[in-house]
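First up is the structure itself, then whatever we jot down about it.
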Amino acid sequence: MPKDWNPNDLFKDAPPASLQDDDPRAKDMLAKLREAWDNAPANASMDNTQVRLPGYLVPLEEANGQVSEFLLVPYFGACIHTPPPPANQIVHVLPRTPAGKFKAMDTVWVRGTLRVTRNASAMGTSGYRIDAVAVDKYMPSDADKAR
-9 MPKDWNPNDL FKDAPPASLQ DDDPRAKDML AKLREAWDNA PANASMDNTQ VRLPGYLVPL
51 EEANGQVSEF LLVPYFGACI HTPPPPANQI VHVLPRTPAG KFKAMDTVWV RGTLRVTRNA
111 SAMGTSGYRI DAVAVDKYMP SDADKAR
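Read left to right, the sequence shown gives residues -9 to 137 (this note's numbering).
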């Protein structure tokens, strides 16, 4: 995320904790937050960078047990059981060849070229895309290799 981006600035005048769920101002603030998150700025310095990122898989396109398009999200349940994270925390992944035997919320490593480009899907808006050359099962011991 860009260092100067802070969506909490939207709530300076009315802290969310001071509102009840049925307060119309709470609904208005939630709509403003969702818009801010969907338009969250990506970090332009990351464009065209070779990366290896861990995350949770949210399938967008799958057939015959193969995932051909998915979102990589930073925490379990994102985009499925909770509202999606900000766009600058979601990566749209297009594997070179479909990734096999993965299901929703599996943890994976994705390797490829990171692009700064926005994509809206039914599961959330992403601020990045990876044209993945590899999608592998995440193994905790692999985290040390990424450093």
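Think of the CB as a built atom: it goes at the ideal place given N, C-alpha and C, for glycine as much as any other residue.
In this text, all values refer to a predicted model and were calculated from it rather than measured experimentally.
Let me know the secondary structure DSSP gives residue i once reduced to three states.
i, result
"K127", "strand"
"F66", "coil"
"L47", "strand"
"Q56", "strand"
"A32", "coil"
"A94", "coil"
"Q10", "coil"
If contacts are defined as beta-carbon pairs under 8 Å, then residue i and residue j qualify, I think. What distance do you get, rounded to the angstrom?
i, j, result
"A110", "P76", "The Cβ separation is near 13 Å, so there is no contact."
"L61", "V81", "7 Å"
"V57", "F92", "5 Å"
"A89", "V125", "4 Å"
What residue range does the alpha helix (DSSP H) around residue i cover?
i, result
"A21", "14 to 28"
Go to residue i, then tell me how far its beta strand (DSSP E) extends in each direction, as first and last residue.
i, result
"W99", "97 to 111"
"L0", "Careful: L0 lies outside any beta strand (DSSP E) and carries neither H nor E."
"P85", "81 to 85"
Using 8 Å as the cut-off, can you tell me whether the stretch 82 to 94 makes contact with the stretch 44 to 54, which would need three or more C-beta pairs spanning the two stretches below that distance? Enough Cβ pairs lie closer than 8 Å, so yes.
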